[in-house]
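The next block holds one structure in the form of C-alpha cells; read it before the comments.
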Amino acid sequence: MTETPKTVVRRTPWPDSASRPVGTPIQPSVVYASDSPDALDAQYEGRSKGYTYAREGHPNADVLANKIDGLEGAEGGLILGSGMAAVTAVMIGGLKAGDHVLGGDQLYGRSLRMMAEELPRFGVQTSLADPTDVAAIEAALRPETRMILVEVVSNPTLRVADIEGIAALAAARGILLVVDNTFTTPRAFRPFEHGADVVIHSVTKLLAGHSDVTLGYVALKDAGLRKKIYDSAVTLGLTPSPFDCWLAERGLYSFELRYDRAEENATLLADALAQTPGVKRVLYPGRADHPDHNRAGELLGARSGNMLSFELEGGRAAANAFTRACPDIAFAPTLGDIGTTLSHPASSSHRALTPEGRAALGISEGFFRVSVGVEPAELLIGEMTAAAKQAAG
Ligand SMILES: *Cc1c(COP(=O)(O)O)cnc(C)c1O
C-alpha cells in the first residue's frame, strides 16, 4: 500500500502497480520538484534529463511531438498551442527587422494576415507570389529574403506548389524554406525529403482529426535554429495544454486509417459530383482535369488527399439551397474532421476579398470546399449529389 499523507494538503503518492497502463497518462503538472539545487543544476546544464516548468515543456507535448516526428521523418519537433502559434514561432523567432519573407499568394488566411499586418509592424518586409510558378517566386526574391513560406496544396482551389523548384532556389541562396504541410499531411508528402528546412502543421486538422483540439507542430532541420525557435516559443508563451496534447495523440492512432478512407471517399465523390447536373466544375488534384494534376502525381504519388472543391451553377441562391439540402454534413469553416465538412469561401475564409478578387482566384458564390470524412461512401455521395440536384432546382 502507498503511504497515507500526514495532511490533506500534501500530495498522495501515486499507487504502486506491478502492471502498467496501456493508455498514455495525462500529466497536467505545471511544475516539477527536484531533489536538490545540485540536481536542478544538472538538469539545466543538460547532464540529466527532466522537466521543470510546463511552459518550457511537458511529457504529453513530447509524446505527441515524437509521434509526428516519426511521420515526418523529423527530429525534436515542437508542439505549440495552435497552427498559428507554429507560424508565429517560426516567423518571430527566425526573422529580424530588415529581413524579407516571401509567402505563397494563397496561404491560410491568418498566415496572410501575419504577413500583411503583424510582421511589417516589426520592420520585417513581406510580399506574396504564386508558388505554382517558380519564375514568379524567383522574381519576387530580394537580397534581404530570409524565408519562404508555402503550402503544398492551396486553399480552396487546391493548386499544387512547385516545391522542388522553390526548394532549389532557396537552397542556392541560403533562404529558409518553410512548408505548411497541413493539407497534405505526411501521409501524402514529407517536405524534408523535398528540400524543406522547416515543417509546420495545424495539428487541429487531419492529424488530431476530431475537431476538439487546437494545436500546432513545427520541426526544424537545423539544430541551432531549432533551439532558437524553441526559446522564442517559450518566451512568447505559445505552450500547448497537456490535455490537448493527449487528445491529439489519441486522435493520431487512427490518422493513417482515417486519411486513407477519406481519400478513397474523396476520389469517388469528386467523380460523382463531376457527373451531377447543376455542378459546373470539380477541383480535385487526383482528377485528370485539375490544372496541377501532373505535378500532384509527381509530388504526391498516388495520394490526392481528402480535400476537394466544386462549383454550383446558380450562385448564392444555389449555395444556400445546397447546405440546407444536406444538413447532416456540417457547414463549418474547418477541415480534417473525421466527418465530412463543407465550407463556402465567399462567406468565410475569403470574405475579406472583393468579388473581383475572388473571381480572379476562381471563387464564385457557388463555390464550395469539401473536407471529406470517413462516412460510408454511398451515404456521402447520395446526400451530396441529391443536394446538388435539388440546388439546381
Ligand atoms: C488551420 C490552418 C492553420 C492554422 O491552424 P490553427 O490550428 O487553426 O491555428 C495554418 N495553416 C493551414 C494550412 C491551416 O489549414
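Heads up, the sequence shown is in my numbering, so the first residue is 17 and it goes up one at a time.
Yeah, the Cβ is synthetic: ideal placement off N, Cα and C, and Gly gets one too.
Small disclaimer: the values here were computed from a predicted structure and weren't measured.
Is residue i helix, strand or coil by DSSP?
i: S143; result: strand
i: H309; result: helix
i: E167; result: strand
i: Y124; result: coil
i: L157; result: coil
i: T357; result: strand
i: A34; result: coil
i: E329; result: coil
i: V150; result: helix
i: L377; result: helix
i: L118; result: strand
i: R162; result: strand
i: R385; result: strand
i: A348; result: coil
i: D196; result: strand
i: V106; result: helix
i: L369; result: coil
i: L135; result: helix
i: L324; result: strand
Classify residue i as buried or exposed, calling it buried when 16 or more other Cβ atoms lie within 10 Å of its own Cβ.
i: V47; result: exposed
i: Q122; result: buried
i: Y246; result: buried
i: Y300; result: buried
i: L273; result: exposed
i: K65; result: exposed
i: P37; result: exposed
i: P392; result: exposed
i: V24; result: exposed
i: G110; result: buried
i: L328; result: buried
i: K221; result: buried
i: R63; result: exposed
i: K83; result: buried
i: L268; result: buried
i: E72; result: exposed
i: R367; result: exposed
i: Y60; result: exposed
i: S33; result: exposed
i: E133; result: exposed
i: F138; result: exposed
i: P53; result: exposed
i: Q147; result: Looking at the sequence shown, residue 147 is not Gln but Pro. Buried: at least 16 other Cβ atoms inside 10 Å.
i: E372; result: exposed
i: E394; result: exposed
i: E167; result: buried
Closest by CA to residue i, which one among the options?
i: P31; options: G39, V25, S270, T20; result: T20
i: L351; options: S170, S257, E394, A341; result: S170
i: V195; options: A186, L128, I216; result: I216
i: L263; options: P41, R27, S64; result: P41
i: H306; options: A145, T173, V234; result: T173
i: I354; options: D115, G86, R277, A286; result: R277
i: D51; options: T28, R242, L144, T68; result: T68
i: E399; options: T251, G92, P343; result: P343
i: V388; options: A404, I345, G382; result: I345
i: R175; options: L94, A312, A286; result: A312
i: R189; options: R162, R206, P202, F199; result: R162
i: D228; options: E394, V219, H210; result: V219
i: V150; options: Y269, I164, S248; result: I164
i: A304; options: K296, T283, T292; result: T283
i: G240; options: A224, L316, L254, V214; result: V214
i: A348; options: S257, F326, R385; result: R385
i: E160; options: G373, V117, V295, V168; result: V117
i: N322; options: H360, N281, S359; result: N281
i: S98; options: T356, E88, A224, A204; result: A224
i: Y124; options: A186, M100, T28, L135; result: M100
i: T339; options: V295, V250, L358; result: L358
i: R297; options: G253, H309, G378; result: G378
i: A318; options: L289, T356, E279; result: E279
i: G89; options: T142, Q141, F208; result: F208
Original post:
What beta strand (DSSP E) runs, 3 residues minimum, are completely inside the region 56 to 103?
Top reply: 94 to 96
Original post:
Along the chain, which unbroken stretches of the beta strand (DSSP E) at least 3 residues long are found entirely within the region 263 to 299?
Top reply: 295 to 299
**OP:** Entirely within the region 200 to 255 and at least 4 residues each: give me those alpha helix (DSSP H) ranges in chain order.
**Re:** 201 to 204, 239 to 252
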